[in-house]
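A.B. asks:
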Amino acid sequence: MSDQPATRPAPSDHIDNVLHENRVIAPSEEFAASARVSPEQYQEMYRRSLDDPEGFWGDVAGELVWMKPWERVLDWQEPHAQWFVGGETNIAYNALDRNVARGLGDKTAILWEGEDGEVRTYTYSELLREVKKAANVLTELGVQKGDRVTLYLPLIPEAAIAMLACARIGAVHSVVFAGFSVSALADRINNAQSKLLITADAGYRRGQPVNLKANADEAAQNTPTLEKILVVNRAGTNPPMQPGRDLWWDELMNAASAEHEAVPVDSEHPLFLLYTSGSTGQPKGVLHTTGGYMVNMYLTTQTVFDLRDDDVYWCTADIGWVTGHSYSVYGPLLNGATVLMYEGAPNHPDWGRFWEIVQKHGVTILYTAPTAIRSFMRQGDDLPAQYDLSSLRLLGSVGEPINPEAWMWYQRVIGGGRCPVVDTWWQTETGGIMLTTLPGAHPSKPGSAGLPMFGVDPAIMTHEGEELGPDEGGLLVIKRPWPSMLRTVYGDDARYRKSYWGEIPHVYFAGDGARRDADGYVTVVGRVDDVLNVSGHRLGTMEIESALVAHPAVAEAAVVGRPDEVKGESVVAFVLPQSGQEVDPGELRAHVAREIGALARPDAIIIADALPKTRSGKIMRRFLRQIAAGKEIQGDTSTLEDPGVLERLAATEAV
Ligand code: ATP
Ligand code: MG
Numbered sequence: 001m002s003d004q005p006a007t008r009p010a011p012s013d014h015i016d017n018v019l020h021e022n023r024v025i026a027p028s029e030e031f032a033a034s035a036r037v038s039p040e041q042y043q044e045m046y047r048r049s050l051d052d053p054e055g056f057w058g059d060v061a062g063e064l065v066w067m068k069p070w071e072r073v074l075d076w077q078e079p080h081a082q083w084f085v086g087g088e089t090n091i092a093y094n095a096l097d098r099n100v101a102r103g104l105g106d107k108t109a110i111l112w113e114g115e116d117g118e119v120r121t122y123t124y125s126e127l128l129r130e131v132k133k134a135a136n137v138l139t140e141l142g143v144q145k146g147d148r149v150t151l152y153l154p155l156i157p158e159a160a161i162a163m164l165a166c167a168r169i170g171a172v173h174s175v176v177f178a179g180f181s182v183s184a185l186a187d188r189i190n191n192a193q194s195k196l197l198i199t200a201d202a203g204y205r206r207g208q209p210v211n212l213k214a215n216a217d218e219a220a221q222n223t224p225t226l227e228k229i230l231v232v233n234r235a236g237t238n239p240p241m242q243p244g245r246d247l248w249w250d251e252l253m254n255a256a257s258a259e260h261e262a263v264p265v266d267s268e269h270p271l272f273l274l275y276t277s278g279s280t281g282q283p284k285g286v287l288h289t290t291g292g293y294m295v296n297m298y299l300t301t302q303t304v305f306d307l308r309d310d311d312v313y314w315c316t317a318d319i320g321w322v323t324g325h326s327y328s329v330y331g332p333l334l335n336g337a338t339v340l341m342y343e344g345a346p347n348h349p350d351w352g353r354f355w356e357i358v359q360k361h362g363v364t365i366l367y368t369a370p371t372a373i374r375s376f377m378r379q380g381d382d383l384p385a386q387y388d389l390s391s392l393r394l395l396g397s398v399g400e401p402i403n404p405e406a407w408m409w410y411q412r413v414i415g416g417g418r419c420p421v422v423d424t425w426w427q428t429e430t431g432g433i434m435l436t437t438l439p440g441a442h443p444s445k446p447g448s449a450g451l452p453m454f455g456v457d458p459a460i461m462t463h464e465g466e467e468l469g470p471d472e473g474g475l476l477v478i479k480r481p482w483p484s485m486l487r488t489v490y491g492d493d494a495r496y497r498k499s500y501w502g503e504i505p506h507v508y509f510a511g512d513g514a515r516r517d518a519d520g521y522v523t524v525v526g527r528v529d530d531v532l533n534v535s536g537h538r539l540g541t542m543e544i545e546s547a548l549v550a551h552p553a554v555a556e557a558a559v560v561g562r563p564d565e566v567k568g569e570s571v572v573a574f575v576l577p578q579s580g581q582e583v584d585p586g587e588l589r590a591h592v593a594r595e596i597g598a599l600a601r602p603d604a605i606i607i608a609d610a611l612p613k614t615r616s617g618k619i620m621r622r623f624l625r626q627i628a629a630g631k632e633i634q635g636d637t638s639t640l641e642d643p644g645v646l647e648r649l650a651a652t653e654a655v
């Protein structure tokens with residue numbers, strides 16, 4: 001939000017509505033009949049969550065174990081909220097001990113598949129035992145309640161074990177995605193002032209071991225607070241170990257006692273720090289605390305994913321992202337679910353890998369990102385058709401707006417036309433899902449995230465805080481605190497106040513543009529910073545991109561504005577063709593004009609072999625804006641998946 005050049009047009013806040021997407025897909029009668037939440041229940045629960053938040057959240061929290069009861073459900077001193085004030089609990093206790101105590105000890109908690117095909121499973125009892133041992137290991141290493149521990153790990157069970165062990169002793173974990181560079185890792189260790197780093201010798205990516213320990217060693221040269229490095233042996237690469245500083249996870253785990261009592265922590269005790277993915281600028285260290293986060297993960301996971309005892313639930317996100325925290329680890333484990341984790345790339349050894357995993361393990365719920373869905377789409381329908389995907393009963397999407405065509409493809413080809421698709425809008429900052437449809441309760445509208453979750457009070461506003469009406473595009477805000485909201489930006493409360501509660505008086509500003517239809521469905525049309533201003537019309541990126549993706553020759557698209565003397569800005573489209581197809585620029589322009597109007601017709605089309613994305617797969621339009629304007633690339637490119645893309649795009653002639 002902060003790194004925009006001052007020359008960008010001043011926002012008039014209204015965003016035009018150009019894409020006319022009218023499809024409505026209702027859940028099957030069969031699904032609806034047995035859904036956990038019916039339409040009437042949603043209405044009643046949602047109403048109560050706004051009218052009587054103390055009663056509503058108190059009841060949900062009461063289903064979990066508290067070592068000391070709370071005195072008040074909410075204390076709101078804008079912009080700082082405290083939830084379950086005075087209460088003490090432990091989220092790892094609630095995810096593990098509590099589930100073992102209620103008879104789930106022998107149920108599979110984690111079903112893990114390595115990229116090399118190795119499979120490991122942990123029952124709830126086994127996972128509890130590992131977490132207890134790891135908690136003892138951390139304590140023996142001198143980690144105390146409140147200390148920060150940085151995790152730089154591949155997606156292996158030890159990552160979840162380490163997170164839960166931190167939570168068990170009240171230490172604050174800060175997970176850094178294993179794809180991040182040395183400097184990104186060092187910055188995050190320094191920002192958190194961690195004493196301990198937990199890493200692995202290496203992790204696998206597309207068959208190759210990626211040497212994490214070497215990165216850790218290099219980062220450790222510039223991280224004065226770091227005392228110890230705990231190393232999981234994942235790939236047997238035998239890295240050099242610095243005596244006195246580096247320790248093997250396995251050795252300490254083997255020697256550790258399996259007896260451990262979870263440490264009760266205050267409801268507002270910090271649980272984790274996590275840096276946003278950096279799509280719009282410098283990543284922020286988002287701080288989440290214990291009680292409210294726990295209660296909302298418990299509730300959103302069971303309702304949004306319609307969880308049942310026999311589900312095999314797979315969220316494909318890496319634990320380096322908030323989705324991995326909330327919906328691979330905490331939410332499903334709090335609910336006693338069986339969670340599948342897969343270590344590697346979706347295209348290793350080929351693009352059928354996900355479908356092979358679904359077939360092999362009988363996955364029932366799949367939660368993934370639009371970037372993955374569009375990549376699968378690009379490969380065509382034949383590959384998924386070779387696998388038995390009939391175990392699937394529910395699909396989810398998160399991370400970016402999902403273009404209606406990609407939504408339809410996901411529903412038809414992966415979901416066999418029978419699975420509801422939940423498009424979940426939320427952020428690192430919100431901790432959990434904020435907008436979605438509940439499967440079974442609500443029909444879906446492809447491209448639109450949907451309705452507010454319990455306790456979420458959204459609105460579409462102008463910068464002046466004027467609420468806009470149905471179908472009027474503007475800024476997406478949340479009008480009251482919710483239990484899993486971020487508490488601050490770590491070490492920078494002024495930034496917290498300014499970025500989230502300072503933009504528009506008395507509401508949380510999400511940074512996204514959106515509109516809400518007469519049924520209350522919210523459609524997110526893109527980042528406010530990315531909105532284009534063409535001839536006085538403000539256009540969200542999602543709608544033009546969706547029109548492009550709706551063309552059969554286009555797999556993926558990103559649009560940005562380029563300064564234009566006449567129009568203010570003109571539309572520049574970066575287009576990734578469907579595998580084996582040619583894009584005819586004239587035809588594509590005509591197609592966009594037909595779909596959403598001549599206004600949005602791209603002035604320049606750049607045929608790309610890849611788009612610049614964050615490591616979590618989100619398109620980074622700020623660099624594309626620079627390329628479109630013929631400028632030098634400026635800004636931090638370290639969160640890009642493949643920085644080489646920028647050069648290639650800059651060298652490509654527009655058509
Ligand atoms: P940064 O804040 O550093 O720029 P980021 O916003 O990409 O990074 P995240 O917290 O991972 O970091 O992403 C949240 C954003 O992702 C939302 O603000 C929104 O723009 C987008 N998003 C996530 N889910 C959806 C969805 N279902 N529909 C539309 N947009 C979504
Ligand atoms: Mg963000």
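Counting along the sequence shown from 1, when you hit position 480 you're at 480 in UniProt numbering, and nothing is skipped either side. We put the beta carbon where it would ideally sit given N, CA and C, even for glycine.
1) Quick check: the stretch 60–79 against the stretch 273–280, are there 3 or more CB pairs under 8 Å?
2) Could you tell me if Gln-302 is buried or exposed, where buried requires 16 or more neighbouring beta carbons within 10 angstroms of its beta carbon?
3) What are the boundary residues of the beta strand (DSSP E) that Tyr-496 is part of?
4) For a quick check, are the C-beta atoms of Thr-300 and Leu-271 less than 8 Å apart?
5) In whole angstroms, what separates the C-alpha of Gly-396 from that of Val-119?
6) Report the residue ranges of all beta strand (DSSP E) runs contained in full by the stretch 155–182; include only those spanning at least 3 residues, in chain order.
7) Out of Pro-404, Asp-106 and Ile-357, state which residue places its alpha-carbon closest to the alpha-carbon of Asp-116.
8) Confirm, please, whether the CB-CB distance from Val-507 to Val-477 is below 8 Å.
9) With C-beta atoms as the reference, is Val-549 less than 8 Å away from Glu-405?
10) Within 10 angstroms of its Cβ, does Gly-617 collect 16 or more other Cβ (buried), or is it exposed?
11) Would you mind sorting Ile-648 into buried or exposed? The rule is 16 or more other CB atoms within 10 Å of its CB.
12) For Gly-511, is the beta carbon positioned less than 7 Å from some heavy atom of the ligand MG?
13) Is it buried or exposed, Val-175, if we count other Cβ atoms within 10 angstroms and call 16 or more buried?
14) Helix, strand or coil for His-80? Go by DSSP, reduced to three states.
15) At a cut-off of 7 Å, would you count Gln-77 as near the ligand MG, judging by its Cβ distance to the nearest heavy atom?
16) If we ignore side chains and look at the alpha-carbon of each, how far apart do Leu-624 and Ser-579 end up?
17) Hey, is Trp-426 close to the ligand ATP, as in C-beta under 7 Å from one of its heavy atoms?
18) Are three or more beta carbon pairs between the stretch 250–260 and the stretch 208–220 nearer than 8 Å?
19) Could you tell me the distance, in whole angstroms, from the CA atom of Thr-652 to the CA atom of Val-413?
20) Starting from Asn-533, trace the beta strand (DSSP E) both ways and give me its first and last residue.
21) If I measure Cβ to Cβ from Leu-532 and keep anything under 6 Å in the same chain, skipping five residues before and after, which residues do I get?
22) Whole angstroms is fine: what's the gap from Leu-226's alpha carbon to Leu-196's?
23) One question on the structure: do Tyr-293 and Gly-513 come within less than 8 Å of each other, judged by their Cβ atoms?
24) Is it the case that the stretch 355–375 contacts the stretch 312–327, given that we only count it when at least three CB pairs across the two stretches are under 8 Å?
25) Check Ile-25 in the structure and name its three-state DSSP category.
26) Between the Cα of Val-65 and those of Tyr-275, Trp-83, Asn-90 and Leu-333, spot the shortest distance and give me the residue it belongs to.
27) Please name the residue in His-537, Thr-371, Val-554 and Gln-208 whose C-alpha comes closest to that of Arg-234.
28) Could you check whether the Cβ of Val-322 sits closer than 7 Å to any heavy atom belonging to the ligand ATP?
29) If you count every other CB in all the chains shown that lies within 10 Å of the CB of His-325, and 16 or more means buried, which is it?
30) Would you mind reading off the limits of the alpha helix (DSSP H) that contains Tyr-327?
31) Measuring alpha carbon to alpha carbon, tell me which residue in Ala-547, Asp-187, Gly-146 and Leu-111 is nearest Ser-328.
32) Look at the alpha carbon of Gly-86 and the alpha carbon of Glu-268, and state the distance between them as a whole number of angstroms.
33) Going by other Cβ atoms of all chains shown within 10 Å of its Cβ, with 16 needed for buried, is Arg-601 buried or exposed?
34) Applying the 10 Å Cβ sphere with the 16-neighbour rule, what's the burial state of His-442?
35) DSSP three-state call for Ala-650: helix, strand or coil?
36) List the DSSP bridge partners of Arg-538.
C.D. replies: On the basis of the data shown:
1) Cβ pair count under 8 Å is below three, so no.
2) Buried.
3) First-last for Tyr-496: 493–496, but that is the alpha helix (DSSP H), not the beta strand (DSSP E).
4) Judged by their CB atoms, Thr-300 and Leu-271 are not nearer to each other than the 8 Å cut-off.
5) Counting only the Cα atoms, Val-119 lies some 24 Å from Gly-396.
6) Within the stretch 155–182, the complete beta strand (DSSP E) segments at least 3 residues long are 172–175, listed from N- to C-terminus.
7) Nearest C-alpha to Asp-116: Ile-357.
8) Contact flag set, yes.
9) Yes.
10) The residue in question, Gly-617, is buried, as its Cβ has 16 or more Cβ neighbours within 10 Å.
11) It is Arg, not Ile, that sits at residue 648 in the sequence shown. It is exposed - the Cβ of Arg-648 has fewer than 16 other Cβ atoms within 10 Å.
12) Gly-511 has its Cβ nearer than 7 Å to a heavy atom of the ligand MG.
13) Buried: at least 16 other Cβ atoms inside 10 Å.
14) Annotated three-state conformation of His-80 is strand, per DSSP.
15) No, the ligand MG has no heavy atom inside 7 Å of this Cβ.
16) Roughly 22 Å between the two C-alpha positions.
17) Yes, the Cβ of Trp-426 comes within 7 Å of a heavy atom of the ligand ATP.
18) No: the two stretches stay apart, fewer than three of their Cβ pairs being nearer than 8 Å.
19) The straight-line gap separating the alpha-carbon atoms of Thr-652 and Val-413 is approximately 33 Å.
20) Per DSSP, Asn-533 belongs to the beta strand (DSSP E) from 532–534.
21) Leaving aside the five residues that flank Leu-532 on each side, the residues in its chain whose CB is nearer than 6 Å to its CB run, in chain order, Leu-539, Gly-561 and Glu-569.
22) Going from the Cα of Leu-226 to the Cα of Leu-196 covers about 6 Å.
23) The answer is no: Cβ separation not under 8 Å.
24) Judged by Cβ distances under 8 Å, the stretch 312–327 makes contact with the stretch 355–375, as three or more pairs qualify.
25) Three-state DSSP puts Ile-25 in a strand.
26) Val-65 has its Cα closest to that of Asn-90, out of Tyr-275, Trp-83, Asn-90 and Leu-333.
27) Considering only alpha carbons, the answer is Gln-208.
28) Yes, since a heavy atom of the ligand ATP falls inside the 7 Å radius drawn around the Cβ of Val-322.
29) The residue is buried, with at least 16 neighbouring Cβ atoms inside 10 Å.
30) For Tyr-327, there is no enclosing alpha helix (DSSP H), as DSSP gives it neither H nor E.
31) Ranked by how close their Cα comes to the Cα of Ser-328, the residues Ala-547, Asp-187, Gly-146 and Leu-111 have Leu-111 in first place.
32) Distance between the alpha carbons of Gly-86 and Glu-268: 8 Å.
33) It counts as buried.
34) So His-442 counts as buried.
35) In this structure, DSSP gives Ala-650 a helical state, which the three-state scheme calls helix.
36) The partner list for Arg-538 (beta bridge, DSSP) reads Asn-533.
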